[in-house]
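S.K.: Residues 592 to 758 (my numbering) are what the sequence shown spells out, left to right. Beta carbons: idealized from backbone N, C-alpha and C, even for Gly. I am attaching a structure below and will ask some questions about it afterwards.
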Amino acid sequence: VINESIRLNEEGRDSQMAIETSGHCAFKENYFLDDGAYLVTKILIEFAKIAEEGKTVGDLIAGLKEPLEDDEFRVKIHQEDFKAYGNKVLEEFEEYVQRQPGWTKVTPNYEGVRVDCKEEEGWVLIRLSLHDPVMAINSESDRKGGCAAIKEKMTAFLNTYDQLSMS
């Protein structure tokens, strides 16, 4: 994601910040360094500004909608070359998505494979860790039982791989 933001700027398209699902964040003004301390400093400055205005963090996020459900689970990859294996899983997941009624791959997406899940009234994202032999699966749904339905389909797909184990 950070490299994509750099690339966009090199093309002349303004991209001020890159943030990953994992929480890694980098700002253009800080030379796209992945720097958590810099991010926290920026957040604290904003907190001070809104406090001067008599506002709270709750005021800032009041308009954001929370999903009815959300879920996350991780899958361990038991392969020495976990990146190659994980990328193979992601490629084959894209094919799996095409066979699932009401599932549509979201593009563009710069981190893993994100899917809109119509019947489940939500989405799922599967991504490969940059550093660890792990794949993270996140989902949200606005329907009761939606995340469970998504997880059931994800589990059916992931169980076809003998070098993966769910935790």
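How would you label Glu601, buried or exposed, when you count the other beta carbons within 10 angstroms and need 16 or more for buried?
M.R.: Stepping through the sequence shown from its first residue, residue 601 is reached at position 10. Answer is exposed; the Cβ neighbour count stays below 16.
S.K.: Which residue's Cα is closest to the Cα of Ala739: Glu660, Arg604, Tyr701?
M.R.: Translated into positions along the sequence shown, residue 739 becomes position 148. Among Glu660, Arg604, Tyr701, the Cα nearest to that of Ala739 is on Glu660.
S.K.: Starting from the C-beta of Ser732, find all residues in its chain whose C-beta is less than 7 Å away, skip the five residues before and the five after it, and write them out in chain order.
M.R.: What you label residue 732 is simply residue 141 of the sequence shown in a count that begins at 1. Cβ within range, chain order: Pro658, Leu659, Glu660, Glu711, Glu712, Gly713, Cys738, Ile741.
S.K.: Does the beta-carbon distance from Glu759 to Arg718 come in below 7 Å?
M.R.: The structure shown has nothing for residue 759, since the chain only spans 592 to 758.
S.K.: Which value, in whole angstroms, describes the spacing of the CA atoms of Gln670 and Ser613?
M.R.: Within the sequence shown, numbered from 1, the residue matching residue 670 stands at position 79. Within the sequence shown, numbered from 1, the residue matching residue 613 stands at position 22. Each residue's Cα considered, the two are about 22 Å apart.
S.K.: Verify whether the separation of the beta carbon atoms of Lys696 and Val706 is less than 7 Å.
M.R.: Here residue 696 is taken as the residue at index 105 of the sequence shown, counted from 1. Here residue 706 is taken as the residue at index 115 of the sequence shown, counted from 1. For the 7 Å CB-CB criterion, Lys696 and Val706 form a contact.
S.K.: Starting from Lys646 and walking both ways along the alpha helix (DSSP H), at which residues does that stretch end?
M.R.: In the sequence shown, the residue the question calls residue 646 occupies position 55. Here Lys646 belongs to no alpha helix (DSSP H), and DSSP marks it neither H nor E.
S.K.: Drop a sphere of 10 angstroms on the beta-carbon of Val778, count the other beta-carbons inside from all chains shown, and report buried for 16 or more, exposed for fewer.
M.R.: With the chain covering only 592 through 758, there is no way to say anything about residue 778.
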